[in-house]
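Residue numbers (our numbering), protein chains in the order written: chain A, 58 to 211; chain B, 2 to 116.
The beta-carbon is built from N, C-alpha and C at its ideal position, and this holds for glycine as well.
Following: one structure in structure tokens, then a few remarks.
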Amino acid sequence: MILELLAVGLIVSAFLAVHLDDAVYSVASLTGTLILAAVLYALNDATFVAVFQLAIGVGTLAVLFLSGEMLSEKPSGKKPLKNAFLAIAAALLLSIPSIFLSVRTIPTSVSSDVSFPEALWNLRAIDVVLQGLVIMTVALGIAIVLHEKKEGKN
Amino acid sequence: MDYVILSMTLLAIGIYGLLTKRHLLKVLISVELIATAASMNFVLLASSLNKALGEAFLILAFSTDTCVTGIILALLVIASKKYGTCDIRKLAKLEQHETIEGEGKSDSKIKEDIV
């Protein structure tokens, strides 16, 4: 029952994030979506992914909040409440199939006794190292651009 | 409850936003939703089949997602500062202006034209 409620909340908040006109409200709805997704992961025994999702979500949403507040013009319409109720009703309708329908999954014969650290470091070690390199390169690039900009101002 | 259908619904909402919304921030939110749907498919299928590889693979997906978010945010800031709009249709008009009329026009003149 909890999982179903989480799924409905997830779809409603995702739909509101896309549908609402005010950028700040839609980023707030996206926050709800990401938090509910993290809770769903945690309840399905994917705790590490849940923590990762929360950590990345916090950074993304902080930047989104700032840019949404700074860069978007305020909507001129005066009917946000009615609009939001219609959106919630549509999202509730959209969430019905995920609760009541199911897709047949084919049972797999691949062995499943690989632990998470083993999968991470034995099977995807190169990916993890390359990813670290990419993140470091991006961080260096940003630092160089900011430094050049600062020198250009002086 | 079926997680495949849940992630497909999220994907559909993201595609709806991508096709109908004109503001660049909404496009970014739609891309985030599509990425969330894809990662949810990975994680929940992997955890229901008791495989850790899906969760390990997700770390890559998260970093790619963060890079995409950074690039779209950079576009958002540049478009907003240079042309004063985040509307993707106006920005597309702007691109047509630049290709048809050449380099002779200043930024402020182009901005007047698209507004």
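query: Members of the region 142-161 of chain A near chain B, C-beta cut-off 9 Å; result: Ala148, Leu151, Ser152, Pro154, Ser155, Ile156, Phe157, Leu158, Ser159 and Val160
query: A:His204 burial status per 10 Å Cβ neighbour count (16 or more: buried); result: exposed
query: Inter-residue CB distance, A:Phe122 and A:Val84 (contact presumed, cutoff 8 Å); result: 5 Å
query: Near-chain B residues of the region 91-103 of chain A - C-beta to any C-beta below 9 Å; result: Leu91, Ala94, Leu97, Tyr98, Asn101, Asp102 and Ala103
query: Cβ contact check for the region 141-151 of chain A and the region 80-93 of chain B: 3 or more pairs under 8 Å; result: no
query: Beta-carbon neighbours of A:Ile183, restricted to chain D and to distances below 8 Å; result: The structure shown contains no chain D; its protein chains are A and B.
query: Cut-off 8 Å between Cβ atoms - residues of its own chain near B:Val28, not counting five sequence neighbours on either side; result: Gly18, Leu19, Lys22, Ile73 and Ile89
query: Whole-angstrom distance between B:Asp66 and A:Leu91, CA atom to CA atom; result: 13 Å
query: Collapsed DSSP secondary structure at B:Asp88 in the structure displayed; result: strand
query: Any chain B beta carbon closer than 8 Å to A:Val186; result: no
query: Exposure label - A:Glu175; buried when at least 16 CB within 10 Å; result: exposed
query: Beta carbon proximity, B:Lys94 to chain A, threshold 8 Å; result: no
query: Cβ neighbours of B:Leu59 in the same chain (closer than 7 Å, five flanking residues each side left out); result: Ser40, Phe43 and Val44
query: Any chain B beta carbon closer than 8 Å to A:Val120; result: yes
query: Best match in A:Tyr82, A:Leu73, A:Val106 and A:Asn101 for proximity to A:Leu177 [C-alpha to C-alpha]; result: A:Val106
query: Bridge partners - B:His144, DSSP secondary structure assignment; result: With chain B running from 2 to 116 in the structure shown, residue 144 of chain B is simply not present.
query: Proximity test, Cβ basis, 8 Å: A:Glu230 and chain B; result: Missing from the structure shown is residue 230 of chain A; chain A here goes from 58 to 211 and no further.
query: C-alpha distance - A:Met58 paired with A:Gly198, whole-angstrom precision; result: 47 Å
query: Contact with chain B by A:Ile201, beta-carbon distance below 8 Å; result: no
query: B:Ala47 versus A:Ala200 - alpha carbon distance; result: 37 Å
query: Inter-residue spacing [alpha-carbon to alpha-carbon] between A:Ile68 and A:Ala182; result: 34 Å
query: Every unbroken alpha helix (DSSP H) inside the region 74-142 of chain A [4 residues or more]; result: 80-100 and 104-128
query: Interface residues of chain B facing A:Val81 [CB-CB closer than 9 Å]; result: Under the 9 Å cutoff, chain B gives no residues; its nearest Cβ is about 10 Å from A:Val81.
query: Closest by C-alpha distance to A:Gly114, when choosing among B:Leu76, B:Ala93, B:Asp3 and B:Leu34; result: B:Leu34
query: Under the three-state DSSP convention, the category B:Leu59 falls into; result: helix
query: Spatially closest choice to B:Ser64 from A:Met193, A:Ser124 and A:Ile156, by CA coordinates; result: A:Met193
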